[in-house]
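Chains as they are written, first to last, in the numbering used here: chain A, 30 to 354; chain B, 1333 to 1649. No residue lacks a Cβ here, since even glycine has one placed at the ideal position from N, Cα and C.
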Amino acid sequence: MKTTYREALREAIRDAMRRDERVFLMGEDVGSYGGCYAVSLGLLEEFGPERIRDTPLSESAFVGAGIGAALNGMRPIVEIMTVNFSLLALDQILNNAATLLHMSGGQFPVPLVIRMTTGAGRQLAAQHSHSLEGWYAHIPGLRVLAPATLEDARGMLWPALCDPDPVLIFEHNGLYNLSGDLADDAGPVDITRAAIRRQGKDVTLITYGGSLAKTLAAADDLAADGIDAEVIDLRTLRPLDSDTFLESVRHTHRAVVVDEGWRTGSLSAEIAARIAEEAFYELDAPVRRVCTAEVPIPYAKHLEEAALPQPASIAAAAREVVRGG
Amino acid sequence: MKEHLDLLREMTRIRRFEDRCAELYSAAQIRGFLHLYVGEEAVAVGVVSELDPQDAVVSTYRDHGHALARGVPMDAVMAEMFGKVTGCSRGRGGSMHLFDSGHRFFGGNAIVGGGLPVAVGLALAHAMRGEPRVVACFFGEGAAAEGEFHEALNLAALWRLPVLFCCENNLYAMGTSFAKEHAAPDLALRASSYGLAAWAVDGMDVLAVREAARRATESIRAGGGPCLLELRTFRFRAHSMYDPERYRDKSEVVQWRDRDPIDRLIAAMRPDFTDDDLTALETEVAAEIDHAVAAAEAAEIEPVDGLTRFVTSEVTR
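Listed below in structure tokens is the structure:
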């Protein structure tokens, strides 16, 4: 069937709500408004205000309330409007959700799912354009997911809800209108492994989320130039599935990491370090990274585009590692 | 008389347990931060005495009193102080992070204000299932300056959730006096502005605390929404074992010690409660503490190869 990323997310929520009465959705404007990005549109009418729960603008309180409800037998899906606002709930996410299980000696798992929008590219300026999923991937105790396809938008939520521990799902704001065919019986997917989205033999391009389409576009460009790129979609940012990208690097001998986060201290740095640690002698060229320029994201279109990874900059980095620049 | 004796026993257990903890800290058998509750026992004991086993408790980093009053075994609490695997958090939490799922004790939270949103969520789950439970959430007056206090009170009142907010006003947020921290001094009034019932209670009088907790929990269980008690109390000892107490005058401490909640209850129980009764009680409590210390000293430690256990749940996906 024809669908969109947004509709696939909605169907995943609907499916989870039907499967398990402990599941409910809570967040700012998820009900009457239908969700800031219209993901939950229509769900209030279907499930009612108890289970599609509009909250005040109190990120710390409603994320903490999600933690408490999860501790007490419910299976909440908390929607934070965007990752930018998640900073107001960082205390709850790090000091409670990610920590309570260990600090209690295993007594208090927190089966909470938090969804949030991430990323830049829509001229929303600095405070609405962060890509901070790499920060969250730093934290032991969390699972961090980044659905980049219709299948993952539809399929990641249910296994996330089945996980006894907190799961963060990052939805890139540029993906909601992504449309295409999704199998009628599409359902839960594996949330532990990376996926090879394009097979190739000359260079491994490693990315996730909103950068996947740009990376695939770069790969098409490279193909026209005689360079056969393999594209890895990480899917799960924590715990990282190193095996998939290391195995790819072992046969391509070259790697470029594409990450919309800032370069310094980023997820791309972690991936490059793992390649250096585990596959150093397989490399024919240094690992390259294509990241967001280290500036707050500017409003003006030409400046924003210049700040972000683009197919051209990705392809240029790949050419450099393949041909030496 | 029986009820009074129970309250006295609980307060005495907490007081003597902590006296011993201070000694053990000086002897370097307990490390880390150690925040003593001495002087505030009437608050925990009075409130918790009105809770049912199915109710829930959320605590702070000054949590020994709440845990013991709630029934977390003293052996497990002391073992936690020693960092032993038999501790109530397997030695991973220490003094500030006592947990016990069996007693629905959701832990000491060491981020000031951090437990309030969690308490709201625990209550939300009860409310969504239609269960007449109460979630007692302890925090200090310092937390009333945190954003999470305001967010949590608003949310709990908005959704009429069964939370009993217990604000332990001991007049000092670490070393910052109440007057230096709060523009408006009436905490109950501040809470009332969110549309919940709130009032101040003499936190040095365990009978008054119990009476207030009874009134509040009855109202909450009946669907009346959250309540807040401002429990006016005082910690007789320093903020932690590192605190030289430069910020307050000793005479203030002496004045408050005259209002010791344990002495006050004993006075109320005279003459029926005799010196012999008191000696018997102290002997009984000392024996419990001796046992807890001996058990903690003898207990095993978690093997280091278990270091990364409990970061994620130990279940097969």
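Exercise. Secondary structure at ALA314(A), three-state DSSP: helix, strand or coil?
Worked result: Numbered from its first residue, the first sequence carries residue 314(A) at position 285. In the structure shown, ALA314(A) sits in coil (DSSP, three-state: anything other than H, G, I, E or B).
Problem set entry | Partner residues on chain B for ILE96(A), Cβ-Cβ distance less than 8 Å | Indexing the first sequence from 1 puts residue 96(A) at position 67. Scanning chain B for C-beta atoms nearer than 8 Å to the C-beta of ILE96(A) yields PRO1449, VAL1450 and GLY1453, reported in chain order.
Exercise. What are the boundary residues of the alpha helix (DSSP H) that includes HIS1458(B)?
Worked result: Counting from one through the second sequence, the residue named residue 1458(B) turns up at place 126. Its alpha helix (DSSP H) spans residues 1447-1461.
Exercise. Using DSSP with H/G/I as helix, E/B as strand and the rest coil, what is ARG1649(B)?
Worked result: Against the second sequence, residue 1649(B) aligns to sequence position 317. With a pLDDT of 45 at ARG1649(B), under the threshold of 50, the modelled position of this residue cannot be trusted; read the value that follows with caution. It is coil, neither helix nor strand.
Exercise. Along the stretch 1459-1471 of chain B, what residues have a CB closer than 7 Å to any CB found in chain A?
Worked result: Only those residues of the stretch 1459-1471 of chain B whose C-beta falls short of 7 Å from the nearest C-beta of chain A are listed: MET1460.
For this session: Output yes if chain B places a C-beta closer than 8 Å to the C-beta of GLY135(A); else output no.
Result: Position 106 of the first sequence, counted from the start, is the residue given in the question as residue 135(A). The beta carbon of GLY135(A) falls within 8 Å of a beta carbon belonging to chain B, placing the residue at that interface.
Problem set entry | Interface residues of chain A facing GLY1439(B) [CB-CB closer than 8 Å] | The residue given as residue 1439(B) occupies position 107 in the second sequence. Per Cβ cutoff of 8 Å: LEU129, MET132, SER133 and PHE137.
Problem set entry | Straight-line gap, SER342(A) to VAL319(A) (C-alpha atoms, nearest Å) | Along the first sequence, one-based indexing puts residue 342(A) at 313. Along the first sequence, one-based indexing puts residue 319(A) at 290. Rounded to whole angstroms, SER342(A) and VAL319(A) show a C-alpha spacing of 7 Å.
For this session: Note down, in chain order, each residue of its chain lying with its Cβ closer than 7 Å to the Cβ of SER89(A), except the 5 sequence neighbours on either side.
Result: Along the first sequence, one-based indexing puts residue 89(A) at 60. Around SER89(A): LEU117, ALA118, ASP120 and GLN121.
For this session: Pull up the distance between the alpha-carbon of GLU1614(B) and that of HIS1623(B), whole angstroms please.
Result: Start at 1 with the first residue of the second sequence, and residue 1614(B) comes out as number 282. Start at 1 with the first residue of the second sequence, and residue 1623(B) comes out as number 291. Cα to Cα, the separation comes out at about 14 Å.
For this session: Identify each residue in the stretch 1471-1488 of chain B for which the Cβ-Cβ distance to at least one residue of chain A is less than 7 Å, and report them in chain order.
Result: Answer set for the stretch 1471-1488 of chain B: GLY1479, GLU1480, GLU1483, ALA1484, ASN1486 and LEU1487.
Exercise. Is DSSP giving PRO105(A) helix, strand or coil here?
Worked result: Start at 1 with the first residue of the first sequence, and residue 105(A) comes out as number 76. Here PRO105(A) sits in strand by DSSP.
Exercise. Do the stretch 1592-1606 of chain B and the stretch 1388-1395 of chain B touch if we need at least three Cβ pairs shorter than 8 Å?
Worked result: The stretch 1388-1395 of chain B and the stretch 1592-1606 of chain B do not touch, with fewer than three beta-carbon pairs separated by less than 8 Å.
For this session: Would you mind stating whether LEU1487(B) and ALA94(A) have Cβ atoms separated by less than 8 Å?
Result: What you label residue 1487(B) is simply residue 155 of the second sequence in a count that begins at 1. What you label residue 94(A) is simply residue 65 of the first sequence in a count that begins at 1. Yes.
Problem set entry | Any chain A beta carbon closer than 8 Å to GLY1446(B) | Counted from its first residue, the second sequence places residue 1446(B) at position 114. Interface residue, yes.
Exercise. Is it buried or exposed for SER133(A), if we count other Cβ within 10 angstroms and need 16 for buried?
Worked result: In the first sequence, residue 133(A) corresponds to position 104, counting from 1. Here SER133(A) is buried. Its C-beta has 16 or more other C-beta atoms within 10 Å.
Exercise. ALA302(A) lies in the alpha helix (DSSP H); which residues open and close that run?
Worked result: Here residue 302(A) corresponds to residue number 273 of the first sequence, with the count starting at 1. Run containing ALA302(A): 296-308, per the alpha helix (DSSP H) assignment.
Exercise. Quick one: is the Cβ of LEU1339(B) within less than 7 Å of any heavy atom of the ligand SAM?
Worked result: Summarising the ligand content, the structure contains no ligands, and the ligand SAM is consequently not present.
Exercise. Can you tell which of THR1549(B), PRO1635(B) and GLU1478(B) has its C-alpha closest to the C-alpha of ALA1468(B)?
Worked result: Here residue 1468(B) is taken as the residue at index 136 of the second sequence, counted from 1. Ranked by how close their Cα comes to the Cα of ALA1468(B), the residues THR1549(B), PRO1635(B) and GLU1478(B) have THR1549(B) in first place.
Exercise. Between which two residues does the beta strand (DSSP E) carrying MET55(A) extend?
Worked result: As a first step, residue 55(A) must be located in the first sequence, where it is residue number 26. Per DSSP, MET55(A) is one residue of the beta strand (DSSP E) stretching across 52-56.
Problem set entry | Beta-carbon neighbours of SER355(A), restricted to chain B and to distances below 7 Å | The question about residue 355(A) has no answer here: the residues shown for chain A are numbered 30 through 354.
Exercise. Measuring CB to CB, does VAL139(A) end up less than 8 Å from ALA99(A)?
Worked result: Within the first sequence, residue 139(A) is the residue found at index 110, counting from 1. Within the first sequence, residue 99(A) is the residue found at index 70, counting from 1. Yes.
For this session: Pull up the CB-CB distance for ASP213(A) and MET30(A), whole angstroms please, since I reckon it's below 8 Å.
Result: Within the first sequence, the letter at position 184 stands for residue 213(A). Within the first sequence, the letter at position 1 stands for residue 30(A). Sure, about 6 Å apart at Cβ, within 8 Å.
Exercise. Would you say ILE1443(B) reaches chain A, if we count a Cβ-Cβ gap shorter than 8 Å as a contact?
Worked result: For the purposes of this step, residue 1443(B) is taken as residue 111 along the second sequence, with counting starting at 1. For ILE1443(B), the nearest beta carbon of chain A is closer than 8 Å to its own beta carbon.
For this session: Please work out which residues of its chain come closer than 7 Å, Cβ to Cβ, to ASP250(A), disregarding the five sequence neighbours upstream and downstream, and give them in chain order.
Result: The sequence position of residue 250(A) within the first sequence is 221, counting from 1. Closer than 7 Å at the Cβ level, and outside the excluded window around ASP250(A), lie PRO340 and ALA344.
Exercise. Straight-line CA distance for VAL350(A) to THR281(A)?
Worked result: The residue labelled residue 350(A) in the question sits at position 321 within the first sequence. The residue labelled residue 281(A) in the question sits at position 252 within the first sequence. Distance between the alpha carbons of VAL350(A) and THR281(A): 11 Å.
Exercise. If contact means a Cβ-Cβ distance below 8 Å, which residues of the stretch 1412-1430 of chain B contact chain A?
Worked result: Per Cβ criterion, the list reads GLY1419, CYS1420, SER1421, ARG1422, GLY1423, ARG1424, GLY1425 and HIS1429.
Exercise. Should the stretch 218-229 of chain A be called in touch with the stretch 50-65 of chain A, which here means at least 3 C-beta pairs below 8 Å?
Worked result: No, the stretch 218-229 of chain A is not in contact with the stretch 50-65 of chain A.
For this session: Determine the closest residue to MET103(A) out of LEU153(A), ARG82(A), LEU141(A) and LEU186(A), with distance taken between C-alpha atoms.
Result: By 1-based counting over the first sequence, the position of residue 103(A) is 74. Checked all of LEU153(A), ARG82(A), LEU141(A) and LEU186(A); the closest Cα to MET103(A) is LEU141(A).
Exercise. Beta-carbon of GLY203(A) versus every beta-carbon of chain B: anything under 8 Å?
Worked result: As a working note, residue 203(A) is residue 174 in the first sequence. No, its Cβ sits nowhere closer than 8 Å to a Cβ of chain B.
Exercise. Given VAL1617(B), which residues of its chain have a CB within under 6 Å of its CB, disregarding the five upstream and five downstream residues?
Worked result: The residue given as residue 1617(B) occupies position 285 in the second sequence. Cβ neighbours of VAL1617(B) beyond the five flanking positions: THR1344, ARG1345 and ARG1348.
Exercise. Relative to the C-alpha of ALA1540(B), which residue among GLU1373(B), GLY1364(B), LEU1430(B) and GLU1350(B) is closest?
Worked result: Residue 1540(B) sits at position 208 when you count from the first residue of the second sequence. Closest option to ALA1540(B), Cα to Cα, is GLU1373(B).
For this session: Keeping to the same chain, check which residues put their C-beta closer than 8 Å to that of THR273(A); ignore five residues upstream and five downstream.
Result: Residue 273(A) sits at position 244 when you count from the first residue of the first sequence. Taken in chain order, the residues that qualify are ARG222, ALA223, ALA224, ILE225 and ILE261.
Exercise. Relative to the C-alpha of LEU1496(B), which residue among PHE1568(B), ALA1451(B) and LYS1582(B) is closest?
Worked result: Translated into positions along the second sequence, residue 1496(B) becomes position 164. Of the candidates PHE1568(B), ALA1451(B) and LYS1582(B), the one whose C-alpha sits nearest the C-alpha of LEU1496(B) is ALA1451(B).
Exercise. Taking the C-alpha atoms as reference points, what is the distance between THR111(A) and THR147(A)?
Worked result: If you number the first sequence from 1, residue 111(A) lands on position 82. If you number the first sequence from 1, residue 147(A) lands on position 118. So the two alpha carbons sit approximately 6 Å from each other.
Exercise. Is the stretch 1374-1383 of chain B close to the stretch 1404-1423 of chain B, with three or more CB pairs under 8 Å?
Worked result: Between the stretch 1374-1383 of chain B and the stretch 1404-1423 of chain B there are fewer than three inter-stretch CB-CB distances shorter than 8 Å, so the stretches are not counted as touching.
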